[in-house]
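Protein chains: 2
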Amino acid sequence: MKFPSAVKIVEVGPRDGLQNEKQPISVEAKVALINTLADAGLRNIEAGSFVNPKWVPQMAGSEEVFQNIARKAGVSYAALTPNMMGFERAMAAGATEVAIFAAASEAFSQKNINCSIAESIERFAPILQAAQAQNLPVRGYVSCIAGCPYEGEISASKVAEVSDILFQAGCYEVSLGDTIGTGTPAIIERVVDLTSKKIPMSQLALHAHDTYGQAIANIYRALQMGMSVFDSSIAGLGGCPYAKGASGNVATEDVVYLLSGLGIQHGIDLPKLLHAAQGICTVLGRETHSKAGRALAGTLCVDI
Amino acid sequence: MKFPSAVKIVEVGPRDGLQNEKQPISVEAKVALINTLADAGLRNIEAGSFVNPKWVPQMAGSEEVFQNIARKAGVSYAALTPNMMGFERAMAAGATEVAIFAAASEAFSQKNINCSIAESIERFAPILQAAQAQNLPVRGYVSCIAGCPYEGEISASKVAEVSDILFQAGCYEVSLGDTIGTGTPAIIERVVDLTSKKIPMSQLALHAHDTYGQAIANIYRALQMGMSVFDSSIAGLGGCPYAKGASGNVATEDVVYLLSGLGIQHGIDLPKLLHAAQGICTVLGRETHSKAGRALAGTLCVDI
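Residue numbers (our numbering), protein chains in the order written: chain A, 93 to 396; chain B, 93 to 396.
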């Protein structure tokens, strides 16, 4: 075991999280969320996405969000950009990082974006070129790294192959997404092992979903292997679009609680993080999905 | 890492779980729950407790429960027995195993049962003697192994010391309870490491609570260390009495999902387990607390 001494958390709540919430959320509420997250010490925040609002209504208004956030020095405000039009909108709005994506499952790629994996990566070539010309970091997401809702189990070598294509194409970091949360530490171990043979561990991230309650164990296994970048979502924002009523993204609070317990630096102020969670949960009118968050807000809080 | 090839799950839902639920539950519902659990392959079921119903109203009727369950060969039906009167009631009702308990925290012992740890263990001497005379296995629970709601952090050496006293006194198995769920894998590692120097690993169990979302990671860490007995509660029955609205016992379904993913034998039929969970959740009129359970009951189930 070779735990990293410090970890980078990529907060995906304002984009990946909110995009899967049902209620409409105002630009003001999104801006407030992003500002409180930066206040809590998060240095990497996925703030929105520039997709067609016809397909993802929750992400309408990303321009206004980016224009109104109180930019904090040292914080990267990223945007998901599915095509050149989205990329240009993200640039105009002042995104400091963009993200592109591919699936490790052919069936998922076809159902989700109506093209093969290879075609989907080709389509991102102009974005990678334009970003490079502007010295803008591009992050790559690989989805379905453990399982696919249409294909079932996905082979770790396919994940490594797709990740490597994104990395070779110029992504500075590749985030391995367990989109439907079916992974257990054994699968994560195989995927991280194979992928880290192609991409340096420091440039790999795990994007864990807690749909089957395995996310924290999966992150723990990845930490043991030396991984040091993890995606998570404040208050566990976002459900699982593939299983009604099930959980989606792992909650940032639960990840921070784990890291603190392991003595790994994360730079996040937990009370401020809980404050940020409370703010967005009030807007959404529901309880946090974070177990640590719920326990710490309970009648009796013990030191962590 | 030296994962065990097979694991024993001790199902504590009908006792530890239901005892912390608010609604009154009929004897019939308890009996149905226990029978469906045995049907699902569970071989160790904590079926009730013989305490004063004035203190724990949910456990009234344990006699009737034991008398009405459809006993299955090879299944142990255990009862918690706080004193000799409870022990005699458990014997009369036909419990095949009894459990006694001590805290690893002086403050918790005082607040919970109004005596010191040493006094609490002395009080169990007659039970241990009587059980030995009847060749009846006695299980020992140690609570607050990671944290205490009154004292905060608990030292691993104190846990090892109290566990050893119970073991030396005749308990065939000692279950280490993270009563308030504050433990992370680092604490679990220290506790298991120290305790297994006094008690053979095969006679140690982990009783994890998921209050802070760490239970599955803690179980995973214990599995890596060779532990092979785990307590869990169907549907995550039971809340945390120390933090309002927070989770308590780790859900059996989530543990089974983890074990299947790691290729570790558990002998449990997952669809039948989900059936048992559905039954008790219908009685309680609420959703399961198991994430795997919720995902598998969702609109799209993928192979596990």
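Every residue gets a Cβ at the ideal spot worked out from N, C-alpha and C, and that includes glycine.
Owing to the predicted nature of the structure, the values given are computational and were not obtained by experimental measurement.
Closest residue to residue i among the options (Cα-Cα distance)
i: Leu110/A; options: Gly330/A, Ile372/A, Leu351/A; result: Gly330/A
i: Cys263/A; options: Glu180/A, Gly244/A, Ser294/A; result: Ser294/A
i: Glu345/A; options: Ala338/A, Phe322/A, Ala194/A; result: Phe322/A
i: Phe142/A; options: Cys373/A, Ala187/A, Val167/A; result: Ala187/A
i: Ile291/B; options: Gln306/B, Ile280/B, Val266/B, Thr303/B; result: Val266/B
i: Thr274/A; options: Val157/A, Asp285/A, Ala338/A; result: Ala338/A
i: Glu138/B; options: Gln226/B, Gly232/B, Met176/B, Leu220/B; result: Gly232/B
i: Ala297/A; options: Tyr304/A, Pro149/A, Ile280/A, Gln306/A; result: Ile280/A
i: Leu228/B; options: Lys203/B, Pro96/B, Glu189/B; result: Glu189/B
i: Thr173/A; options: Ala165/A, Ala184/A, Val167/A, Gly166/A; result: Ala184/A
i: Ile101/A; options: Ser255/A, Glu155/A, Arg386/A, Val347/A; result: Val347/A
i: Ser247/B; options: Leu220/B, Arg215/B, Val283/B, Ser255/B; result: Val283/B
i: Ala170/B; options: Phe179/B, Asn341/B, Gln159/B, Ala191/B; result: Ala191/B
i: Ser288/A; options: Thr374/A, Ala252/A, Ala300/A; result: Ala252/A
i: Lys94/A; options: Gly355/A, Ile372/A, Gly328/A, Thr374/A; result: Gly355/A
i: Ala238/A; options: Asp270/A, Val230/A, Ala217/A; result: Asp270/A
i: Ser320/B; options: Leu351/B, Arg215/B, Ala387/B, Asn206/B; result: Leu351/B
i: Ser118/A; options: Trp147/A, Ser97/A, Ala152/A; result: Ala152/A
i: Tyr304/A; options: Ile272/A, Arg163/A, Val157/A; result: Ile272/A
i: Ile209/A; options: Ala165/A, Ser255/A, Val230/A; result: Ser255/A
i: Ala307/A; options: Leu258/B, Lys383/B, Lys336/B, Ala165/B; result: Lys383/B
i: Ala162/B; options: Asp131/B, Gly140/B, Pro149/B; result: Asp131/B
i: Cys373/A; options: Ala327/A, Asn341/A, Cys332/A; result: Ala327/A
i: Gln370/B; options: Ser212/B, Gln357/B, Ala389/B; result: Ala389/B
i: Gln150/B; options: Gly140/B, Gln159/B, Gly340/B; result: Gly140/B
i: Lys89/A; options: Thr128/A, Met176/A, Phe193/A; result: Nothing can be reported for residue 89/A, as the shown portion of chain A is limited to 93 through 396.
i: Met177/B; options: Gly340/B, Gly318/B, Arg215/B, Ala225/B; result: Arg215/B
Where residue i meets chain B, residues with beta-carbon distance less than 7 Å
i: Gly337/A; result: Arg386, Gly390
i: Thr303/A; result: Lys383, Ala387
i: Cys80/A; result: The first residue shown for chain A is 93 and the last is 396, placing residue 80/A beyond what the model contains.
i: Gly330/A; result: None at all; the shortest Cβ gap to chain B is about 14 Å.
i: Gly105/A; result: Near Gly105/A there are no residues of chain B at all, since even the closest Cβ is about 16 Å away, more than 7 Å.
i: Gly109/A; result: Simply none; closest approach about 16 Å.
i: Gly377/A; result: In chain order: nothing, as chain B lies at least about 16 Å away.
Spatial distance of residue i from residue j (CA atoms)
i: Ile396/B; j: Ala124/B; result: Any reading at Ile396/B must be qualified, since the residue scores a pLDDT of 36, below 50, and its modelled position is unreliable; the value itself is stated next. If you take the alpha carbons of Ile396/B and Ala124/B, they lie about 27 Å apart.
i: Ala121/A; j: Ala309/A; result: 32 Å
i: Leu268/B; j: Ser201/A; result: 46 Å
i: Asp108/A; j: Gln260/B; result: 53 Å
i: Ser325/A; j: Val99/A; result: 15 Å
i: Ser249/A; j: Asp285/A; result: 10 Å
i: His381/A; j: Asn144/B; result: 36 Å
i: Gly105/A; j: Ile360/B; result: 36 Å
i: Ile126/B; j: Glu379/B; result: 19 Å
i: Asn136/B; j: Val167/B; result: 6 Å
i: Glu103/A; j: His299/A; result: 10 Å
i: Thr391/A; j: Phe179/B; result: Bear in mind that the predicted position of Thr391/A carries a pLDDT of just 44, short of 50, making it too unreliable to give a figure here.
i: Gly133/A; j: Glu155/A; result: 24 Å
i: Ala217/A; j: Lys114/B; result: 58 Å
i: Ala182/B; j: Val375/A; result: 51 Å
i: Asn204/B; j: Lys146/B; result: 15 Å
i: Cys393/A; j: Cys207/A; result: Residue confidence is low: Cys393/A scores 41 on pLDDT, short of 50, so the model does not pin down where it sits. No coordinate-derived value is stated.
i: Lys336/A; j: Ala387/B; result: 8 Å
i: Pro333/B; j: Leu258/A; result: 48 Å
i: Ser212/A; j: Ala222/A; result: 17 Å
i: Leu220/B; j: Val230/B; result: 7 Å
i: Ser235/B; j: Phe158/A; result: 50 Å
i: Gly385/B; j: Leu362/B; result: 9 Å
Contacts that residue i makes with chain A (C-beta to C-beta distance below 9 Å)
i: Ile279/B; result: Gly353
i: Asp346/B; result: Tyr304, Gly305, Gln306
i: Gly269/B; result: Those within 9 Å of Gly269/B in chain A number zero; the least Cβ separation is about 15 Å.
i: Gly318/B; result: Residues of chain A passing the Cβ test: none, with the nearest at roughly 15 Å.
Proximal chain B residues relative to residue i, where beta-carbon distance stays under 9 Å
i: Tyr169/A; result: The premise fails here: Tyr169/A is roughly 27 Å from chain B at the closest Cβ pair, so nothing lies under 9 Å.
i: Thr374/A; result: Here the premise fails: no neighbours, minimum Cβ distance about 16 Å.
Neighbouring residues, chain A, relative to residue i (Cβ below 7 Å)
i: Leu350/B; result: Thr276, Gln306, Ala309
i: Gly340/B; result: The premise fails here: Gly340/B is roughly 10 Å from chain A at the closest Cβ pair, so nothing lies under 7 Å.
8 Å Cβ cut-off: residues of chain B touching residue i
i: Tyr312/A; result: Pro277, Ala309, Tyr312, Arg313
i: Thr359/A; result: Before going on, a small fix: residue 359/A reads as Gly here, not Thr. Those do not exist, as Gly359/A stays about 18 Å from chain B at its closest Cβ, beyond 8 Å.
| said: Taking 8 Å as the cut-off, does the segment 363–381 of chain B touch the segment 307–319 of chain B (at least 3 CB pairs, one atom from each stretch)? | reply: In short, these stretches do not touch, since the Cβ pair count stays below three.
| field | Complete runs of the beta strand (DSSP E) confined to the segment 191–239 of chain A [at least 3 residues] | value | 230–235, all fully within the segment 191–239 of chain A.
| Do the segment 190–209 of chain B and the segment 241–255 of chain B meet, that is, are 3 or more Cβ pairs less than 8 Å apart? | yes
| task | Counting only runs of 4+ residues fully inside the segment 160–193 of chain A, write out the alpha helix (DSSP H) ranges in chain order. | result | 176–185
| request: Can you check the segment 99–138 of chain A for any beta strand (DSSP E) of at least 3 residues that lies completely inside it and give the ranges in chain order? | output: 100–103
| request: Mind listing, in chain order, the continuous beta strand (DSSP E) runs of no fewer than 3 residues lying wholly within the segment 288–376 of chain A? | output: 296–299, 321–324
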